[in-house]
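Each residue of the sequence shown is one higher than the one before, counting from 1 in the UniProt record's numbering. Note sheet for the following structure.
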Amino acid sequence: MTMAGHDEGGLRRVRVYGMLIALLGIMMFPFYVMFSSTFKPESEIFSAPATLVPSQPSLGAYVDVWTQTDVLLWIANSFVISLGTVVLTLLLAIPAAYSCARNDFVGKRTFLLAVLVVQMFAPVVLIVGLFDVISRLGLFNTYLAVIVPAAAFTLPFNIWMLYGYFKTVPVELEESARIDGASQLQVLTKIVLPLTKPALVASITYTFLYAWNRLLFVLTFLTDSGKYNIPRGVFSMVGALQTDWRMMLTVSVIGIIPLLVLFAFLEQYIVAGMTAGAVKE
Numbered sequence: 001m002t003m004a005g006h007d008e009g010g011l012r013r014v015r016v017y018g019m020l021i022a023l024l025g026i027m028m029f030p031f032y033v034m035f036s037s038t039f040k041p042e043s044e045i046f047s048a049p050a051t052l053v054p055s056q057p058s059l060g061a062y063v064d065v066w067t068q069t070d071v072l073l074w075i076a077n078s079f080v081i082s083l084g085t086v087v088l089t090l091l092l093a094i095p096a097a098y099s100c101a102r103n104d105f106v107g108k109r110t111f112l113l114a115v116l117v118v119q120m121f122a123p124v125v126l127i128v129g130l131f132d133v134i135s136r137l138g139l140f141n142t143y144l145a146v147i148v149p150a151a152a153f154t155l156p157f158n159i160w161m162l163y164g165y166f167k168t169v170p171v172e173l174e175e176s177a178r179i180d181g182a183s184q185l186q187v188l189t190k191i192v193l194p195l196t197k198p199a200l201v202a203s204i205t206y207t208f209l210y211a212w213n214r215l216l217f218v219l220t221f222l223t224d225s226g227k228y229n230i231p232r233g234v235f236s237m238v239g240a241l242q243t244d245w246r247m248m249l250t251v252s253v254i255g256i257i258p259l260l261v262l263f264a265f266l267e268q269y270i271v272a273g274m275t276a277g278a279v280k281e
């Protein structure tokens, strides 16, 4: 390859990386503004011209949130709702995806396509019907009132992704285990699921994030302030006459921290799970 070719390739990489860095900066700018605003007094947040760096940084907003709100309770409730949604979703998605991946039955393709129909509807379109169902089942004002609808809306993605990933596991491994006397449950839990760990982690992460950020379901189905999650806690700070934006931004930043920790530990599995499961039937 000539020197000119090397130079052209180097310039192309510089342009690509420069564009990616610019796009990343644009995407992260709102988060920086939110984070930096938590160190500003209320008056500086709305000052003109706006300041990108706090003139007198202070941790007062974090102290106020700690002493004046139930932020720890909101975080705990968010974990309960998110983990409950993850468990219910996987209990339903794993058997459904595995059955479709390993069996040919009448209506399989119709079932898989029908599952996607749920993904076409925004939750707000179905909220009235969901409210009626939740009330009739006696689940109103319980964690299940949020967990069950959230699991229903995350099932399509999880079934399709796990279905594609299960098809990549060699059938011969399962047949060998059955010859050795393993039951179907043992085959699934000791052979198939360990081999599909990246897909499971991606499913868990997607479902956890979806449930963590639910406001509509909590706003509609929960009236007990002791069951509020982080988004509902932030929403409760919106007043009829006045809104404490500094406190809202601070609670939002605190609510993001568990998600950042989750991504930091599971990043490699998330990337592998989102890419390796894409198989064409």
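Cβ atoms here follow ideal geometry from the backbone N, Cα and C, with glycine treated the same way.
Measure the Cβ-Cβ separation of M247 and D64 and say whether it is below 8 Å.
yes
What first and last residue would you give for the alpha helix (DSSP H) that runs through D64?
G60 to Q68
Same chain only: Cβ atoms within 8 Å of A177, ignoring 5 sequence neighbours per side:
Q186, V187, K190 and I191
Please list the terminal residues of the continuous alpha helix (DSSP H) segment that includes K108.
K108 to M120
Express the C-alpha separation of D180 and W74 in angstroms, rounding to a whole number.
49 Å
Please work out which residues of its chain come closer than 7 Å, Cβ to Cβ, to A101, disregarding the five sequence neighbours upstream and downstream, and give them in chain order.
Y163, F166 and K167
For T142, which of helix, strand or coil comes out of DSSP?
In the structure shown, T142 adopts coil according to DSSP, grouped into three states.
Measure the C-alpha to C-alpha separation of V106 and A151 and round it to an integer number of angstroms.
26 Å
Output yes or no for whether 8 Å exceeds the beta carbon distance between F221 and N141.
yes
Using only CA atoms, which one of I127, V14 and V169 lies nearest to A97?
Checked all of I127, V14 and V169; the closest Cα to A97 is V169.
Decide yes or no for the touch test of the region 203–214 against the region 75–92: beta carbon pairs closer than 8 Å, at least 3 of them.
yes
Quick check on S43: buried or exposed, where buried means 16 or more other Cβ atoms within 10 Å of its Cβ?
exposed
For G239 and E267, the rounded distance between their alpha carbons
38 Å
Between I94 and V146, is the Cβ-Cβ spacing less than 8 Å?
no
Among the residues of its own chain, which have a CB less than 7 Å from the CB of V279, if the five just before and after it don't count?
Since pLDDT at V279 reaches only 44, below the 50 mark, its modelled position is unreliable, and the value read off the structure follows with that caveat. Closer than 7 Å at Cβ, skipping near neighbours: G164, K167 and T168.
Does the region 248–255 touch the region 220–234, meaning 3 or more C-beta pairs lie closer than 8 Å?
Output reads yes: the region 248–255 touches the region 220–234.
Here's the rule: buried if 16 or more other CB atoms are within 10 angstroms of the residue's CB, otherwise exposed. What is I21?
exposed
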